[in-house]
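Here is the structure we will look at.
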Amino acid sequence: TAGITQAPTSQILAAGRSMTLRCTQDMRHNAMYWYRQDLGLGLRLIHYSNTAGTTGKGEVPDGYSVSRANTDDFPLTLASAVPSQTSVYFCASSAGGPTDTQYFGPGTRLTVL
Amino acid sequence: GQNIDQPTEMTATEGAIVQINCTYQTSGFNGLFWYQQHAGEAPTFLSYNVLDGLEEKGRFSSFLSRSKGYSYLLLKELQMKDSASYLCAVRDGDYKLSFGAGTTVTVRA
Chain W
1 TAGITQAPTS
11 QILAAGRSMT
21 LRCTQDMRHN
31 AMYWYRQDLG
41 LGLRLIHYSN
51 TAGTTGKGEV
61 PDGYSVSRAN
71 TDDFPLTLAS
81 AVPSQTSVYF
91 CASSAGGPTD
101 TQYFGPGTRL
111 TVL
Chain E
1 GQNIDQPTEM
11 TATEGAIVQI
21 NCTYQTSGFN
31 GLFWYQQHAG
41 EAPTFLSYNV
51 LDGLEEKGRF
61 SSFLSRSKGY
71 SYLLLKELQM
81 KDSASYLCAV
91 RDGDYKLSFG
101 AGTTVTVRA
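Protein chains in written order, with this note's numbering: chain W, 1 to 113; chain E, 1 to 109.
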């Protein structure tokens, strides 16, 4: 099985442009998460969804939005990118919800110029 | 916010043992995770502790003391492929994961 896939693998984006990072899982996991990883800071939670149709804010949600229309997909949108959003973005999922182990996708490397 | 501390870097020789410490202060506690992350790759799950004590899984063991807010990951019989970053993560009272900045382990021949 594919597990969790993310697209694109990498992207260079001009400041002020919008961008949607895609995340799809085929494990029928209930909960999904978006993190960003920056050097020296570790992974930080942006948004999460405990089940389809619900979303919540994490530690660093400003400038990002998410939706969870179905179980499999959890896109992350940057409405107007800024250079501080240059980072590696990881999507993760957990089977039963927030009480279960999280498994990560391969990541998207985003550079905002 | 949450506070999770682990050393930035460690170096060890192939075949040796390395212990990576993690101390934490969080709002509530619902388990501690260790992940391994090779450069340019996704974090992969290694271990989970929710009760005090040692969990052993092959060459890797993880220990937890909830009263001390302390955990360690023990890597035995080090191999070159163990060169990676090791991430300590604590699940808080709201079931959110907070990560430490990671410890980069370099294994030398």
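Positions of the beta carbon are idealized from the N, C-alpha and C atoms, including for glycine.
Remember, predicted model here, so these are calculated numbers, not experimental data.
Q) So, residue 74/W versus residue 49/W, is the Cβ gap smaller than 8 Å? A) Taking the first sequence and counting its residues from 1, the one referred to as residue 74/W is at position 74. Taking the first sequence and counting its residues from 1, the one referred to as residue 49/W is at position 49. In this structure, residue 49/W lies closer than 8 Å to residue 74/W by Cβ.
Q: Output the distance between the C-alpha atoms of residue 89/E and residue 97/E, rounded to the nearest integer angstrom.
A: Taking the first residue of the second sequence as 1, we reach residue 89/E at position 89. Taking the first residue of the second sequence as 1, we reach residue 97/E at position 97. A straight-line Cα-Cα distance of about 6 Å links residue 89/E and residue 97/E.
Q) Looking only at C-alpha atoms, which of 63/W, 46/W, 61/W and 70/W sits nearest to residue 54/W? A) Residue numbering aside, residue 54/W sits at position 54 when the first sequence is read from its first letter. Taking each of 63/W, 46/W, 61/W and 70/W in turn and checking the Cα distance to residue 54/W, the smallest one comes out for 70/W.
Q: Can you tell me which of the three DSSP states residue 6/W falls into?
A: Here the question's residue 6/W lines up with position 6 in the first sequence. Residue 6/W: strand per DSSP, three-state reduction.
Q) When you compare each of 9/E, 107/E, 72/E and 39/E to residue 60/E by their alpha carbons, which one comes out closest? A) Stepping through the second sequence from its first residue, residue 60/E is reached at position 60. Nearest option by C-alpha distance: 72/E.
Q. What's the call for residue 29/W, buried or exposed, on a 16-neighbour Cβ count within 10 Å?
A. Position 29 of the first sequence holds residue 29/W. Taking all protein chains in view, the Cβ of residue 29/W is crowded by 16 or more other Cβ atoms within 10 Å, so the residue is classified as buried.
**Q.** Cut-off 8 Å between Cβ atoms - residues of its own chain near residue 84/E, not counting five sequence neighbours on either side
**A.** Here residue 84/E refers to the residue found at position 84 when the second sequence is read from its first residue. Here residue 84/E has 36, 37, 38, 39, 104 and 105 as same chain residues with Cβ atoms under 8 Å from its own Cβ, once five neighbours each way along the sequence are excluded.
Q) With 16 other CB atoms within 10 Å as the buried threshold, where does residue 8/W fall? A) The residue labelled residue 8/W in the question sits at position 8 within the first sequence. By the 10 Å Cβ count, residue 8/W comes out exposed.
**Q.** Terminal residues of the beta strand (DSSP E) in which residue 154/W lies
**A.** Only positions 1 to 113 of chain W appear in this structure, which leaves residue 154/W out of reach.
Q. Closest to residue 105/W by CA distance: which of 78/W, 66/W and 32/W is it?
A. Locating residue 105/W in the first sequence gives position 105, where the first residue counts as 1. For the residues 78/W, 66/W and 32/W, the minimum Cα distance to residue 105/W belongs to 32/W.
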